[in-house]
Every structure is written in C-alpha cells, then in structure tokens.
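Notes to accompany the following structure.
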Amino acid sequence: MRRENLVNDGFYHIYNRSVDKQPLFKSDYDRKFFLYNLKRFNKSKQLVDIVCYCLMDNHFHLLLRQKIDGGISKFMQKIGISSTVRYNDISRRTGCIFEGPYKVKEIDNDGYLLHISRYIHLNPLKYLFPDWKVKGVDNVQEAIKYLQNYQWSSYPRLFSKCNNVCNSQSIYDEFDCSEEYDKFLIDWIKYGCPMNIDFGLKI
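Now the structure itself:
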C-alpha cells in the first residue's frame, strides 16, 4: 500500500490511465463493476467520501475526501487490485493495467474544489466535441443533454436522492439545485476550459 502524507478531511483529485492508452473498460459491465466497487470498498468501513467521479474509455477521475488515516491509499489499493484482476482475467493477460501509480492532486481551497468537480463532469464532452476545451461549444443544450445521459459520471445523479455512491455535500453547499450547477458548467461549455488552472493529468 502506498504511504502518502494525505490529511483527514482533505480533498484530493485522483486519476489514472491505462497502459498505452488502451481501453480500460471493455464493456458497460466493466464500468458497472468499477462503480459497484466504489460503493462496496467504502461500505463496511468508510475510508473516503466520494464527491464525484467520471469513467472514460482509458482513464478515470475521482474527487475524494479522506475520512481516516490512510483512507485514500487503502481505498485506491482495493480499486486497483480488483480492476487489475478483472481486466487480466477477461483479457487472459498478466501484469499492470495502469501506466503507473494513480496520481494525486491536493485541493487546497473551495474554489479549486468546485473547478475540479466541473472539470471531471465535463470530461465526456470530448466524445461529442473533441475540441471543446479550446474552442468551447456552440450548442450548449446539446452538450448538457449529452452529459445528462452519460451514465458513467456522477453528474446525472448529482442532486438525486438515488445517488448512493457519492457524498457531494461540498457541492450542495454552493449550489441549491441542479439548475444552478448547470449554469456553473455552462460557462466552460461555452468558452472552453481555462488553461491556467492545473487539473493534473491532461488526457
């Protein structure tokens, strides 16, 4: 298990990518299995709060709050092992499936936390609008609809009572409803992603 100097109640952007950018999730069942593990490995003993998440074809993003000493390391160790075992079993291969250890970016203020949540939830736009981060999107409603239908992100259920994976209170504290959060997203959807904000991994 990795030993990291992460503080309890601290927020962290966790992300990783597959070896050679190969598909990390080969089917919807693989994605469901990953999401199931997010819930399962945090159930008996709460190691982290999962604020939000997004699964992409060859990588994932998690926004986590550490609850106990070593919580993130223990949680990510379980996620990494289960993902590797399943992937190798299906692919009939051995070895690592990630390009390296998961990456960690500390979130040191509320504004940065909200920006990271926005960045994570907007990630799927690259499938519909490959240049959105640079050029923005003209058809904002099409973009929002696409994100609402992208089931491998916490965004569609962010303000839902059915959201049983995430504890997104830190987002609720700033936005009273999904419509307000949508307005927050739309600023970047229209004009692109600011290049002066460090989101960590550029994929």
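With the UniProt record's numbering applied, the sequence shown covers 1 to 203. Where a beta carbon is used, it is the ideal one built from N, C-alpha and C, also for glycine. Here the structure is a predicted model, which is why all the values come from computation and not from measurement.
Which word fits I72, buried or exposed, when buried means at least 16 other C-beta atoms lie within 10 angstroms of its C-beta? In the sequence shown, residue 72 corresponds to position 72, counting from 1. I72 should be labelled buried.
Any contact between the stretch 48 to 63 and the stretch 24 to 33? By contact I mean 3 or more CB pairs, one from each, below 8 Å. yes
By the DSSP assignment, the alpha helix (DSSP H) with N37 in it spans what residues? Position 37 of the sequence shown, counted from the start, is the residue given in the question as residue 37. Residues 28 to 40.
From Y112 to H121, what distance separates their C-alpha atoms? Taking the sequence shown and counting its residues from 1, one reaches residue 112 at position 112. Taking the sequence shown and counting its residues from 1, one reaches residue 121 at position 121. Those two C-alpha atoms are separated by around 14 Å.
Could you say which of N167, C193, I186 lies nearest to L63 if we only look at CA atoms? The residue labelled residue 63 in the question sits at position 63 within the sequence shown. Ranking N167, C193, I186 by Cα distance to L63 puts N167 first.
Which one of Q46, S83, H61 has the shortest CA to CA distance from D69? The residue you call residue 69 lines up with position 69 of the sequence shown. Taking only the C-alpha atoms, the option nearest D69 is Q46.
With DSSP as the reference, please indicate the residues paired to E106 in a beta bridge. In the sequence shown, residue 106 corresponds to position 106, counting from 1. For E106, which the question treats as bridged, DSSP gives the partners Y12.
For G15 and R65, I'd like the C-alpha separation in whole angstroms. As a first step, residue 15 is located in the sequence shown; it is residue number 15 there, counting from the start. As a first step, residue 65 is located in the sequence shown; it is residue number 65 there, counting from the start. The sequence shown places Tyr at residue 15, rather than the Gly named in the question. Rounded to the nearest angstrom, the two C-alpha atoms are 14 Å apart.
Where I203 sits in the DSSP three-state scheme: Counting from 1 along the sequence shown, the entry for residue 203 is found at position 203. Low confidence applies to I203: its pLDDT is 49, below 50, so where it sits in the model is not reliable, and the reading given next is rough at best. I203 falls in the coil class under three-state DSSP.
Helix, strand or coil for V85? Go by DSSP, reduced to three states. If you number the sequence shown from 1, residue 85 lands on position 85. Correct three-state label for V85: helix.
Quick check on the burial criterion: 16 or more other C-beta atoms within 10 angstroms. Buried or exposed for N123? In the sequence shown, residue 123 corresponds to position 123, counting from 1. Buried: at least 16 other Cβ atoms inside 10 Å.
Rounding to the nearest angstrom, what Cα-Cα distance links I203 and N37 in this structure? Translated into positions along the sequence shown, residue 203 becomes position 203. Translated into positions along the sequence shown, residue 37 becomes position 37. Note that I203 scores a pLDDT of 49, beneath 50, so its modelled location is shaky and nothing firm can be said.
Starting from the C-beta of V140, find all residues in its chain whose C-beta is less than 8 Å away, skip the five residues before and the five after it, and write them out in chain order. Numbered from 1 along the sequence shown, position 140 holds the residue referred to as residue 140. Same-chain partners within the cutoff: I186, I189, K190.
Using the beta-carbon count (16 or more within 10 Å), is I107 buried or exposed? For the purposes of this step, residue 107 is taken as the residue at position 107 of the sequence shown. So I107 counts as buried.
Count the other C-beta atoms from every protein chain shown that fall within 10 angstroms of the C-beta of R118, then say buried if there are 16 or more, exposed otherwise. In the sequence shown, counting from the first residue as 1, residue 118 sits at position 118. When all chains shown are included, R118 counts as buried.
Do you know how far the Cα of H61 is from the Cα of H13? As a working mapping, residue 13 is identified with position 13 in the sequence shown. As a working mapping, residue 61 is identified with position 61 in the sequence shown. Rounded to the nearest angstrom, the two C-alpha atoms are 7 Å apart.
Since K133 contacts C52 with CB under 8 Å, what's their CB separation in whole angstroms? On the sequence shown, position 133 is the one that residue 133 refers to. On the sequence shown, position 52 is the one that residue 52 refers to. Their Cβ separation, rounded to whole angstroms, is 18 Å, which puts K133 and C52 out of contact at 8 Å.
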